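Its first residue numbered 355, the sequence shown is counted upward by one per residue in the working numbering. Note that CB positions come from ideal geometry on N, CA and C, so glycine has one too. Here the structure is a predicted model, which means the values were calculated and not measured.
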Amino acid sequence: VTVRIGIIGTGMIGEDHTRRLTDVISGAEVTAVTDVDADRAKEVADRFGGTAAVHSNGHDVIADDNVDAVVIASWGPSHAEFVLACVAAGKPVFCEKPLATTAEDCRRIVETEAATGRRLIQVGFMRRYDAAYQALKQVVDAGTIGAPLLMHCAHRNASVPDSVTTAGVLTDSVVHEVDLVRWLFDDEIASVRVLLPKRSSLAAAVLHDPLVVVFELAGGIMIDVELSVNIRYGYDIRGEVVGEIGVAQLADAAKTMVSTTAGSIRPVPADWRERFISAYDTEFQEWVDGVAAGADATGPSAWDGYAATVVTDACNAAYETQSVVTIELGERPVFYATGGTA
Ligand SMILES: NC(=O)c1ccc[n+]([C@@H]2O[C@H](COP(=O)([O-])OP(=O)(O)OC[C@H]3O[C@@H](n4cnc5c(N)ncnc54)[C@H](O)[C@@H]3O)[C@@H](O)[C@H]2O)c1
């Protein structure tokens with residue numbers, strides 16, 4: 355079976371997912387695309403086979419009889435409307451993060467999906483599909499390091515455009531650690547605070563860089579996340595879980611460490627695309643296989659998307675107020691109690 359996919363938003367990641375679905379993933383075909391920039395949509399359709407229909411808006415993609423499932427890769431504020439339209443049409447939807455930009459919209463999506471009784475929605479948190487993170491989770495779950503107590507994370511980018519603000523980093527960057535630690539420790543984040551280290555002179559005035567975000571999970575595990583987004587040397591994602599009787603470190607990305615008489619070189623990826631390319635491929639192959647089998651989505655759920663938006667809102671509040679902000683997610687529909695893990 356070939357799953358026919360419609361893409362809404364053919365910008366940077368929408369184009370990359372079109373390439374992935376066309377050239378890398380088996381069992382998928384991109385049959386329709388759209389973008390508010392119509393030329394851009396046509397250009398991407400032409401570049402990858404030229405057979406996809408170019409529609410003038412996202413709702414026409416969702417309604418297209420030649421589309422079995424939809425990928426949403428447009429700007430965040432447009433996601434909620436398209437996700438709800440996919441659920442109404444009964445079509446599986448892969449929505450890039452965020453699920454929606456407000457907690458209210460996320461909550462509405464969660465309730466709408468739960469009422470259908472089918473998991474149609476998957477949110478694009480790809481770190482769950484990264485081999486190094488999966489190996490780390492196996493060690494934690496096996497009890498090899500004893501009960502996990504705390505985790506140190508680093509999220510480093512070589513640079514970001516001068517337009518990126520502190521709120522932008524707390525919304526768009528740290529969201530990946532938010533989902534990651536909820537999945538890794540199978541628990542919800544209960545509170546957050548944001549610490550402000552000495553500022554890097556390389557950061558623009560609108561950005562406090564670096565930041566340290568501290569999460570506390572409901573069960574007491576504490577996680578510190580260093581966000582340094584102008585660190586020049588590369589894209590470096592680190593993690594170390596401290597347990598009662600040992601520690602487990604996130605393995606390096608698949609780069610060969612070279613040691614000579616001159617010393618050792620540990621090459622780092624240039625950017626997130628390079629670091630997580632296999633994770634995106636695995637994420638999409640599993641999603642397509644599930645859709646082809648008519649199965650419910652098993653990846654990050656609408657509930658996970660809701661939790662991520664609530665927590666990133668809390669990160670922004672904690673930064674602005676410089677206080678500990680507690681997080682109330684409210685009742686989780688029983689529907690989301692199973693699954694939701696890659
Ligand atoms: N999972 C990840 O690691 C990851 C990485 C990058 C981006 N993202 C997410 O993917 C989404 C897109 O990011 P990007 O970096 O590709 O942005 P982008 O600006 O490069 O692309 C977005 C595209 O969507 C189009 N668009 C906007 N509103 C639209 C609408 N209503 N209908 C149709 N097209 C519309 C824009 O014209 C643009 O071409 C964002 O939500 C972002 O957070 C996720």
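Looking at the DSSP output, Ala-423 shares a beta bridge with Ile-359.
Here the distance from the Cβ of Lys-396 to the nearest heavy atom of ligand 1 is not below 8 Å.
Short of 6 Å from the beta carbon of Ala-662, and not among the five residues preceding or following it, lie these beta carbons of its own chain, in chain order: Val-529, Val-532, Asp-533. Excluding its 5 nearest sequence neighbours in each direction, His-433 has C-beta neighbours in its own chain below 7 Å: Ile-426, Cys-449, Pro-452, Leu-453, Ala-454, listed in chain order.
Remark: the shortest separation between the CB of Pro-452 and any heavy atom of ligand 1 falls under 8 Å. In the same chain as Thr-385, and ignoring 5 residues on each side of it, the C-beta atoms closer than 8 Å to its own belong to Arg-358, Ile-359, Gly-360, Thr-405, Ala-406, Ala-407, Asp-418, Asn-420, Val-421, in chain order. Segment contact: the segment 480-499 against the segment 602-620, three or more CB-CB distances shorter than 8 Å; contact assigned. A residue is called buried once 16 or more other Cβ atoms fall within 10 Å of its Cβ, and Gln-676, having fewer, is exposed. Check the Cα spacing between Asp-590 and each of His-509, Arg-374, Thr-498: the tightest is with His-509. Cβ neighbours of Phe-638 within its own chain (closer than 6 Å, five residues either side excluded): Arg-374, Ile-379.
Looking at the backbone, the Cα of His-562 and that of Ala-382 are separated by about 42 Å. Cys-449 is bridged by DSSP to Ile-426, Val-477. Val-523 has its alpha-carbon roughly 15 Å from the corresponding atom of Val-546.
Exposed is the label assigned to Arg-401, since fewer than 16 other Cβ atoms lie within 10 Å of its Cβ. According to the DSSP assignment, Asp-533 belongs to the alpha helix (DSSP H) that extends over 529-539. Of the heavy atoms belonging to ligand 1, at least one sits nearer than 8 Å to the Cβ of Ser-428. Contact between Ile-475 and Ser-655 holds, since their C-beta atoms are separated by about 7 Å, short of 8 Å.
If you draw a straight line from the Cα of Ile-619 to the Cα of Asp-625, it comes to about 18 Å.
Contact between Tyr-587 and Cys-460 is absent: CB atoms are separated by about 36 Å, not below the 8 Å threshold. A contact between stretches requires three or more CB pairs, one per stretch, nearer than 8 Å, and the segment 679-686 fails this requirement with the segment 642-656. Within the DSSP bridge table, the entry for Ala-602 names Val-595 as partners.
Nearest to Met-480 by alpha-carbon distance, out of Ala-672, Ser-527, Arg-394, Arg-553, is Ser-527. Note on geometry: alpha-carbon atoms of His-413 and Ile-599 lie some 54 Å from one another. In the structure shown, Thr-466 adopts helical secondary structure according to DSSP, grouped into three states.
Taking C-beta atoms as the reference points, Leu-538 and Val-595 count as a pair closer than 9 Å.
Taken in chain order, the complete beta strand (DSSP E) segments of 3 or more residues contained in the segment 550-582 are 565-571, 576-582.
Set against 8 Å, the gap from the CB of Ser-432 to the closest heavy atom of ligand 1 is smaller. Straight across, the Cα-Cα distance linking Tyr-634 with Val-678 is about 34 Å. Bridge partners of Cys-507 according to DSSP: Val-579, Gly-593. By the neighbour-count definition (other C-beta atoms within 10 Å, threshold 16), Asp-391 is an exposed residue. Distance from the CA of Val-645 to the CA of Tyr-673, rounded to the nearest whole angstrom, comes to 40 Å. Cβ neighbours of Leu-503 within its own chain (closer than 7 Å, five residues either side excluded): Ile-575, Val-596, Gly-597, Glu-598.
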